[in-house]
């Protein structure tokens, strides 16, 4: 019997169930999600679904569980009523910084950066399992999904179909419905494909997903995404991985002022001052990956980003002094000697 698994053709000597096939190739069914001929196989039915001649399977991973008691974001439960919390789709977080789990030299460095940044949420990509080394370490072995809220994303997807398939697999893999949607337009800028993004947001929302959406910094499209059901809107500060900082602060401020869902700058942050600027503009949070992962000292940069996000938020809440054309002395001029 010949079947194709993750694009590789394999032969088995007898018909198998999905459960038996996973056992044959050394994979733990609790840590993967399976798609058979473009349809998700529920974990509860691995033993009941057969694999036949010519079937095509995708087996992906990254997963583990949820937060304590199965509710992502529970870390802030019991916080004082007046504490400044970030709320997304009914989940509450003390940290307003979200970091990615890509580009780090190894999972251990990623783990240390998460701790240093004080984050409660991390983005994770859905990828095929390594069939040649099923015992290879997984992200979940280092960054515990019972401690951190995993935010499955569609990084690398250029079509609506691929993005929706990816998030359906993510939900089957870990039970998550809070997800990050990004549909890219082309490889040079990695700017979002906004027509498809808007359509996918509405479709995924109708399927019960709670969608956080990476998008352009266009106030009109951001409002349309909110109206389509997005639980958080995530305009780019600059192209993904560029480190250029906030290129259009006017648009970001307009997006913040009109929104009734959290606004989280996603992409373009390069250093701590960029994160502080985003927060001073009134954004509810900042998502970054490259700025930490490609720093010379990722753990130290994670600490800096934590401090910058907190300082920027406090500055925004405090209300900055007005800008003036001329000097205004701090001490009264009357009564001088």
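In the working numbering, the protein residues as written are 7 to 343.
Note that CB positions come from ideal geometry on N, CA and C, so glycine has one too.
Buried or exposed: which applies to residue i, given that a residue is buried once 16 or more other Cβ atoms fall within 10 Å of its Cβ?
i, result
"residue 70", "For residue 70, the pLDDT reaches just 29, beneath the cut-off of 50, and the residue's location in the model is therefore unreliable, although a value from the coordinates is still provided. So residue 70 ends up on the buried side."
"residue 168", "exposed"
"residue 323", "exposed"
"residue 44", "exposed"
"residue 78", "Note that residue 78 has pLDDT 40, beneath the 50 cutoff, so the model's placement of it is unreliable and no number is given."
"residue 344", "For residue 344 there is no data in the structure shown, the boundaries of the chain being 7 and 343."
"residue 8", "exposed"
"residue 212", "exposed"
"residue 178", "buried"
"residue 320", "exposed"
"residue 166", "buried"
"residue 13", "exposed"
"residue 297", "buried"
"residue 34", "exposed"
"residue 161", "buried"
"residue 295", "buried"
"residue 334", "exposed"
Measure the CB-CB distance between residue i and residue j and report whether it falls below 8 Å.
i, j, result
"residue 318", "residue 281", "yes"
"residue 190", "residue 196", "yes"
"residue 271", "residue 241", "yes"
"residue 198", "residue 182", "no"
"residue 100", "residue 126", "yes"
"residue 221", "residue 239", "yes"
"residue 284", "residue 243", "yes"
"residue 278", "residue 314", "yes"
"residue 255", "residue 287", "yes"
"residue 118", "residue 130", "no"
"residue 52", "residue 23", "yes"
"residue 225", "residue 252", "no"
"residue 345", "residue 154", "Since the first residue shown for the chain is 7 and the last is 343, residue 345 is missing from the structure and cannot be characterised."
"residue 116", "residue 164", "no"
"residue 95", "residue 312", "no"
"residue 57", "residue 27", "yes"
Please return the same chain residues whose Cβ sits closer than 8 Å to the Cβ of residue i, not counting the five positions on each side in sequence.
i, result
"residue 143", "113"
"residue 175", "39, 41, 46, 64, 66 and 132"
"residue 90", "319 and 323"
"residue 245", "195, 196, 197, 273 and 274"
"residue 92", "98, 99, 100, 101, 102, 268, 290 and 291"
"residue 54", "23"
Any beta carbon of chain C sitting closer than 8 Å to that of residue i?
i, result
"residue 186", "You won't find chain C in this structure, because it holds only one protein chain."
If you drop the 5 nearest sequence neighbours on each side, which residues of the same chain put their C-beta closer than 7 Å to that of residue i?
i, result
"residue 207", "187, 217, 219, 231, 234, 235 and 236"
"residue 267", "232, 236, 237, 238 and 239"
"residue 300", "109"
"residue 264", "225 and 229"
"residue 203", "187, 189, 219 and 221"
"residue 259", "287 and 288"
In the DSSP assignment, the alpha helix (DSSP H) including residue i goes from what residue to what residue?
i, result
"residue 307", "304 to 324"
"residue 132", "Per DSSP, residue 132 belongs to no alpha helix (DSSP H) and is neither H nor E."
"residue 120", "113 to 123"
"residue 194", "Per DSSP, residue 194 belongs to no alpha helix (DSSP H) and is neither H nor E."
"residue 175", "166 to 180"
"residue 296", "296 to 299"
"residue 218", "Note, residue 218: premise wrong, no alpha helix (DSSP H); beta strand (DSSP E) at 216 to 221."
"residue 225", "225 to 233"
"residue 286", "278 to 286"
"residue 260", "255 to 264"
Please return the same chain residues whose Cβ sits closer than 6 Å to the Cβ of residue i, not counting the five positions on each side in sequence.
i, result
"residue 210", "217"
"residue 76", "Annotation note: pLDDT 38 at residue 76 (below 50); position unreliable, coordinate value reported separately. Nothing meets the Cβ criterion."
"residue 173", "185"
"residue 83", "In this predicted model, residue 83 has a pLDDT of only 48, less than 50, meaning its place in the structure is not dependable; the value taken from the coordinates is given anyway. Hits under 6 Å: none found."
"residue 10", "62"
"residue 247", "296"
Please confirm whether any heavy atom of the ligand GTP lies closer than 7 Å to the CB of residue i.
i, result
"residue 249", "Absence of the ligand GTP from the depicted structure is noted, as is the absence of any ligand whatsoever, leaving it without description."
May I ask which residues mark the beginning and end of the beta strand (DSSP E) holding residue i?
i, result
"residue 25", "Per DSSP, residue 25 belongs to no beta strand (DSSP E); it is in the alpha helix (DSSP H), 24 to 30."
"residue 184", "184 to 187"
"residue 269", "Where residue 269 is concerned, there is no enclosing beta strand (DSSP E), given that its DSSP letter is neither H nor E."
"residue 14", "14 to 17"
"residue 389", "Examination of residue 389 is not possible in this model, given that the chain is present from 7 through 343 alone."
"residue 9", "8 to 11"
"residue 327", "Element bounds for residue 327: n/a, residue is neither H nor E."
"residue 246", "Premise fails: residue 246 is in no beta strand (DSSP E) and is neither H nor E."
"residue 59", "Counting along the chain, residue 59 falls outside any beta strand (DSSP E), and DSSP gives it neither H nor E."
"residue 149", "Note, residue 149: premise wrong, no beta strand (DSSP E); not H, not E."
Original post:
Is it true that the region 297 to 308 meets the region 216 to 232, where meeting means three or more beta-carbon pairs spaced less than 8 Å apart?
Top reply: No, they do not touch.
**OP:** Indicate whether the contact test is met: 3 or more Cβ pairs, each with one atom in the region 85 to 104 and one in the region 37 to 50, closer than 8 Å.
**Re:** no
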